[in-house]
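Please read the structure below before turning to the comments.
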Amino acid sequence: MDQLTGFQRDLLYVIAGKDRPSGQEILDDINHYIDQPVTHGRLYPNLDTLVEKELVEKGQLDRRTNYYALTPKGRRVLQRRQEWVDQYVDV
Numbered sequence: 001m002d003q004l005t006g007f008q009r010d011l012l013y014v015i016a017g018k019d020r021p022s023g024q025e026i027l028d029d030i031n032h033y034i035d036q037p038v039t040h041g042r043l044y045p046n047l048d049t050l051v052e053k054e055l056v057e058k059g060q061l062d063r064r065t066n067y068y069a070l071t072p073k074g075r076r077v078l079q080r081r082q083e084w085v086d087q088y089v090d091v
């Protein structure tokens, strides 16, 4: 997790909160959170990095639409991160 950018960590949280979201669904959600609009050119390379790091699985919903889901490794990494954050932040 420490090798990821903040944006990539945010993507993990969005993916974890949805059931196999498409790239467009992830983009819509992340754009509600981030002040500057995120482009496809920023989103998809970062999703590909998460897939390469085996934190996210990429599959096909149909011939034009991919889905993304956390892998078991991605879930563990995200859980460890959340436990670390929880020990310092009480909101």
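Anchor point for the sequence shown: position 71 equals 71 in UniProt numbering, and the numbering is continuous, going up by one each time. Every residue, glycine too, gets a C-beta built ideally from N, C-alpha and C.
Q.
If the criterion is Cβ atoms closer than 7 Å, does the pair Val38 and Asn31 meet it?
A. yes
Q) Counting along the chain, where does the alpha helix (DSSP H) carrying Lys73 start and finish? A) 72 to 86
Q | Among Gln60, Asp90, Asp35, Lys73, the one whose alpha carbon lies nearest that of Glu52 | A | Lys73
Q | Pairwise C-alpha distance: Thr49 and Thr5 | A | 10 Å
Q.
Determine whether the beta carbon atoms of Thr65 and Glu54 lie at a separation below 7 Å.
A. no
Q | DSSP three-state assignment for Gln3, whether helix, strand or coil | A | coil
Q. Going by DSSP, which residues form a beta bridge with Val56?
A. Leu70
Q. When the Cα atoms are used, what is the spatial distance from Ser22 to Tyr68?
A. 6 Å
Q.
Whole angstroms are fine: how far does the CA of Arg81 sit from the CA of Asp90?
A. 15 Å
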